[in-house]
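Be aware that the sequence shown starts at 253, since it is given in the working numbering, and climbs by one per residue.
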Amino acid sequence: MQDWLKGIRSRFLFKYCAANGVMLVFVAVLQAGVVYALARPYMASPEAVDKVAFLGGLSFLGFVLAYSAGSILVGSRLIRPLNEVGDSIAAACSGDLGRKVTRIPKDELGELAKNYNQMIDLVIYLIKQTHESGQRLSAASSQILASSEQQASGSAEQAASIAQTTATMEELAATYRQIAENANSVVSTAERTQGSAESGQQAMMNTVVGMEEIKKRTQSSANKILVLGEKSQQIGSVLSIINDIADQTKILALNAAIEAARAGEAGKGFSVVAVEIRKLAESVVESTQEIRKIMTEIQSSTNALVMSTEEEIKKVDEGVELAQMTGESLAKVLEMIEKTTEAAKEISIATQQQRSASDQVVTAMKEVAAVATQSANGSRDVAMAAEQLAQLAKDAAQVGSAFRLGE
253 MQDWLKGIRS RFLFKYCAAN GVMLVFVAVL QAGVVYALAR PYMASPEAVD
303 KVAFLGGLSF LGFVLAYSAG SILVGSRLIR PLNEVGDSIA AACSGDLGRK
353 VTRIPKDELG ELAKNYNQMI DLVIYLIKQT HESGQRLSAA SSQILASSEQ
403 QASGSAEQAA SIAQTTATME ELAATYRQIA ENANSVVSTA ERTQGSAESG
453 QQAMMNTVVG MEEIKKRTQS SANKILVLGE KSQQIGSVLS IINDIADQTK
503 ILALNAAIEA ARAGEAGKGF SVVAVEIRKL AESVVESTQE IRKIMTEIQS
553 STNALVMSTE EEIKKVDEGV ELAQMTGESL AKVLEMIEKT TEAAKEISIA
603 TQQQRSASDQ VVTAMKEVAA VATQSANGSR DVAMAAEQLA QLAKDAAQVG
653 SAFRLGE
């Protein structure tokens, strides 16, 4: 009986049966999951049964009318709000969240409707927030993606630049090594040049001393030649006197010969002596002329030698002056070579320090290049993650578009 009644909702049931002269009247009502039943055995005559049946029918009809009126009243206050709630739920299930419950009674069902509307408002708010957050997240993800791609590109360019800079620094380090080697060679050459310059300076000083000695000897020779010239002139003067004496002797001899001729036989011996004296005088004159000629040649040679000696002395003076100037120039060159040697040593030390520093820079640049490569790889990973995040943001933003939120 209970299983049969479960299939009946908000209905009356009137049923009777006759068994062994007993009539069973059963009335059941199922309302809101509660079964109201009335059953009573009754024994009577057929007329009484008919009467009871008639009265029961009237009672049943009245009950049905009362039940219908109650159902209409209950339906207007309960069923319609429930149907509206059901329709709103069905609309929400189909994606239309703008349809809310408008009939809100002042009972538990009204509280349910209010709570449902508040829930829908909250869902709409959450969907809007999700949609807006998705849009903002999408925009932010796009910016992150663009920044990440730009950073990845910049990191790649930076890594390439660092690699190029590292190669340049390696070339610079090699150049510094070459400069250091050349500086060492310059130092060695400068030291050798300094030694040669010192030797040249010493040789030039010796040359100056030698030329001074030559000048002294040449001056001494010139003085002796001058003395010789003076002696030659004195000899010329003596020869002139001798020549004059010879001329006078010739005249005397001629006069003696004339006087001897006048004397005749007595003057013949004297005449012979006069002739011999004249011959001797003539011979003396000829000899003095030869000597004068020779002395003239000696004087000419002496004068030429004196002039040549004076020219040699001038040349020696010029040579001494030139040697002194050369010595001074060599001294300046030596000083410059010393400065060059010191500068070359300083350059060698500086280039060695620069070489060491450039090697350290190359090592640091290689480490920076490795970090830049890692940064570029990390930027690419961030770009990929940002791209995935952007796609998730788009998906999240599209979630709200599946609902109609109403006004």
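Where a beta carbon is used, it is the ideal one built from N, C-alpha and C, also for glycine.
Reduced DSSP secondary structure (H/G/I, E/B, other) of residue i
i, result
"Asp348", "strand"
"Thr561", "helix"
"Leu359", "A quick correction: the sequence has Asp, not Leu, at residue 359. The answer is coil: DSSP assigns Asp359 none of H, G, I, E or B."
"Val613", "helix"
"Val568", "helix"
"Thr593", "helix"
"Thr441", "helix"
"Thr354", "coil"
"Leu290", "Interpretation of Leu290 is limited by its pLDDT of 44, a score under 50 that renders its predicted location unreliable; the figure taken from the coordinates is listed afterwards. Three-state DSSP puts Leu290 in a strand."
"Gln643", "helix"
"Val281", "Only weak support is given to the placement of Val281: the predicted model assigns it a pLDDT of 46, under 50, and the value that follows is read from those uncertain coordinates. Three-state result, Val281: strand."
Beta-carbon proximity list for residue i, same chain, < 8 Å, skipping 5 on both sides
i, result
"Val460", "Val572, Ala575, Gln576 and Gly579"
"Val525", "Ala508"
"Glu381", "Correcting the residue type first, residue 381 is Gln in the shown sequence and not Glu. The answer is none, since no qualifying residue turns up."
"Asp569", "Lys467"
"Gln446", "Leu586, Ile589, Glu590 and Thr593"
"Ala621", "Ala411, Ile414, Ala415 and Thr418"
"Arg530", "Thr501, Lys502, Ala505, Leu506 and Ala509"
"Gln485", "Gln551"
"Glu464", "Val572"
Close beta carbons around residue i, own chain, < 7 Å, minus the five adjacent residues each side
i, result
"Gly362", "Ile356"
"Thr673", "Since the first residue of the chain shown is 253 and the last is 659, residue 673 is not available in this structure."
"Ala533", "Ala498, Thr501, Lys502 and Ala505"
"Asn495", "Val537 and Thr540"
"Gly406", "none"
"Arg544", "Gly488 and Leu491"
"Thr554", "Ile477, Leu480, Gly481 and Ser484"
"Met421", "Ser610, Val613, Val614 and Met617"
Closer than 8 Å to chain C by CB, residue i
i, result
"Ala616", "In the displayed structure, chain C is absent; only one protein chain is listed."
Cβ neighbours of residue i in the same chain (closer than 6 Å, five flanking residues each side left out)
i, result
"Val286", "Annotation note: pLDDT 44 at Val286 (below 50); position unreliable, coordinate value reported separately. Correct list: empty, nothing qualifies."
"Gly452", "Leu582"
"Leu424", "Ser610"
"Lys597", "Val439"
Distance between beta carbons of residue j and residue i, contact taken as under 8 Å
i, j, result
"Ala449", "Val585", "6 Å"
"Tyr368", "Ser346", "At roughly 16 Å, the Cβ-Cβ gap does not stay under 8 Å, so Tyr368 and Ser346 are not in contact."
"Gly481", "Val558", "7 Å"
"Ala442", "Gln604", "About 17 Å separates the two Cβ atoms, so there is no contact after all."
"Arg429", "Arg607", "6 Å"
"Lys618", "Thr418", "6 Å"
"Val337", "Leu364", "7 Å"
"Ser631", "Gln403", "5 Å"
heavy atom of the ligand NAP below 7 Å from residue i C-beta
i, result
"Thr625", "Among the ligands in the structure shown, none appear at all, so the ligand NAP cannot be discussed."
Inter-stretch contact (C-beta, 8 Å, three-pair minimum) for the segment 528 to 544 and the segment 490 to 508: In short, these stretches touch, since the Cβ pair count reaches three.
Any 3 or more C-beta pairs closer than 8 Å across the segment 431 to 439 and the segment 590 to 599: Short answer: they touch.
Three CB pairs or more closer than 8 Å across the segment 410 to 419 and the segment 617 to 628: Taking 8 Å as the limit for Cβ pairs, the verdict is that the segment 617 to 628 does touch the segment 410 to 419.
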